[in-house]
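>
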Ligand code: CMP
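Residue numbers (my numbering): 47 to 187.
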């Protein structure tokens, strides 16, 4: 398992956290924990309440809704933010399609990091808007 310093290095290469200095990244890294999933594992399940935010460190996961693949996410990409932001059930399943390692933050840590680092919140918002545009432009059937 990677230590906080290794995770800090990894999250430093993620656009999401790249604007933060090394000390801040290390402090943020120490607030999450690493979790491993087997290929086929449901990391989050549509309709359940969300308790975590996930950043993929290694591997690949599919976002699936009504058996449609909405997106395929890989290292440096995140998921699970929607349920934490609006406190509504998970909007989709996210399934590991290879052995996958994630860095997972509790909802409480997620909220406190977003409040303390508006630049991180803005980067996340940009990615969420990008996903919304992609979903709007994809065929509906
Ligand atoms: P959440 O609703 O908490 O749990 C499922 C996650 O899948 C969701 O947060 C987003 O992170 C992600 N997700 C949902 N819809 C899409 C989409 N259209 N494109 C990419 N990711 C999505």
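Every residue, glycine too, gets a C-beta built ideally from N, C-alpha and C.
Remember, predicted model here, so these are calculated numbers, not experimental data.
Jot down the residue ranges of each uninterrupted beta strand (DSSP E) in the segment 113-180, minimum 3 residues, whole runs only, in chain order.
List check, beta strand (DSSP E) in window: 114-119, 139-142 and 146-152.
> So which residues touch the region around the ligand CMP, with touch meaning a C-beta under 6 Å from any heavy atom?
Checking every Cβ against the heavy atoms of the ligand CMP under 6 Å gives 90, 96, 109, 116, 117, 125, 126, 127, 128, 129, 136, 137, 138, 140, 177 and 181.
> Can you grab the Cα-Cα spacing for the pair residue 110 / residue 141, in whole Å?
The alpha-carbon atoms of residue 110 and residue 141 are separated by roughly 7 Å.
> Where DSSP assigns a beta bridge to residue 101, which residues make up the other side?
Note: residue 101 sits in a beta bridge opposite 124 and 149.
> Is residue 174 near the ligand COA, going by C-beta to nearest heavy atom under 7 Å?
For the ligand COA, the structure offers nothing, since it holds only the ligand CMP.
> Starting from the Cα of residue 81, find the closest Cα among 99, 94 and 61 and give me that residue.
Nearest of 99, 94 and 61 to residue 81, Cα basis: 99.
> Under the rule that 16 or more other beta-carbon atoms within 10 Å means buried, what is residue 56, buried or exposed?
Buried: at least 16 other Cβ atoms inside 10 Å.
> Is the beta carbon of residue 158 sitting closer than 8 Å to the one on residue 97?
No. Outside cutoff.
> Quick check on residue 115 - is its C-beta less than 8 Å from some C-beta in chain D?
Of the chains in the structure shown, none is chain D; there is only one protein chain.
> Cutting at 8 Å between CB atoms, please list the residues of its own chain near residue 62, excluding the five before and the five after it.
Excluding residues within five positions, the ones whose Cβ falls inside 8 Å are 101, 122, 124, 166, 169, 170 and 173.
> Enumerate, from N- to C-terminal direction, the unbroken alpha helix (DSSP H) stretches of 4 or more residues contained entirely within the segment 55-102.
Listed in chain order, they are 68-75.
> Return the chain-ordered list of same chain residues with a C-beta closer than 8 Å to the C-beta of residue 106, the five sequence neighbours on each side being excluded.
Answer for residue 106: 118, 119, 120, 142, 143, 144 and 146, listed in chain order.
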